[in-house]
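Comments concern the structure below.
Residue numbers (our numbering): 226 to 462.
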């Protein structure tokens, strides 16, 4: 087996390992996704908006009763028109109330069934995760035995090892791995140097310019105190 074939074999193993990692991630994402379809009764009731539906239904019933009232009133007398108008208005209100209550109950029942089904799916996914993790760990253990020239954590750099071998910088996969590690150490060192602030140091002369000469300040203060003792403190005019 050539060195490039060893790289290709390692890449194939690593690709299969990533698939097993991705399966665990997708299993967790699936749990999170389907959880969004679980809703409480309050959410279903609010989404159904029973109050608005009843208001519209009562409005339609009242309008129909009023139209019938005027039609009968024109054709006959007040009493039959009033009776029929009230009958249609009240009857329509009762009808719409029953209809929307039935529909809301059906929505709630359907949501209960959905919640139960999703809870079962989530439980199945949770029970599946330990198996997926065990499969990934077992594959990783076998991978490290089959691919000995690079660690699993560094296999994402297999493309760079290929470049080292193809360019002739390294003769074997082991040599390519050594070059990679040297390159990573060098980059890490450069990063540390870039992020390290070099503390500026000042000479005595620079500090005296910045803060003043403390000895000179003390001497001046002492001279001033001595003059005041000998000649007294000058009074301000």
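Beta carbons: idealized from backbone N, C-alpha and C, even for Gly. No experiment lies behind these values; they were computed from the predicted model shown.
Remark: C-beta atoms of residue 414 and residue 398 do not approach each other more closely than 7 angstroms. Judged by DSSP secondary structure, residue 261 falls outside any alpha helix (DSSP H); it is assigned neither H nor E. Between the C-alpha atoms of residue 264 and residue 327 there is a straight-line separation of about 19 angstroms. Rounded to the nearest angstrom, the gap between the Cα atoms of residue 417 and residue 391 is 31 angstroms.
The beta carbon of residue 380 lies closer than 7 angstroms to those of 235 and 239 in the same chain, with the five residues before and after it left out. Between residue 386 and residue 405 a beta carbon distance of about 6 angstroms is seen, short of the 8 angstroms cut, so the two are scored as contacting. Around the CB of residue 244, fewer than 16 other CB atoms lie within 10 Å, so the residue is classed as exposed.
As the crow flies, the alpha-carbon of residue 382 is around 53 angstroms from that of residue 271.
The C-beta separation of residue 259 from residue 349 comes to about 11 angstroms, leaving the pair out of contact by the 8 angstroms criterion. In chain order, 390, 397 and 398 place their CB closer than 7 angstroms to the CB of residue 228, counting only its own chain and leaving out the 5 sequence neighbours on each side.
The residue from 409, 353 and 372 with its alpha-carbon nearest to that of residue 237 is 372.
Taking every protein chain shown into account, the CB of residue 232 has 16 or more other CB atoms within 10 angstroms, so this residue is buried.
Closest option to residue 388, judged by alpha-carbon separation, among 319, 365 and 400: 400.
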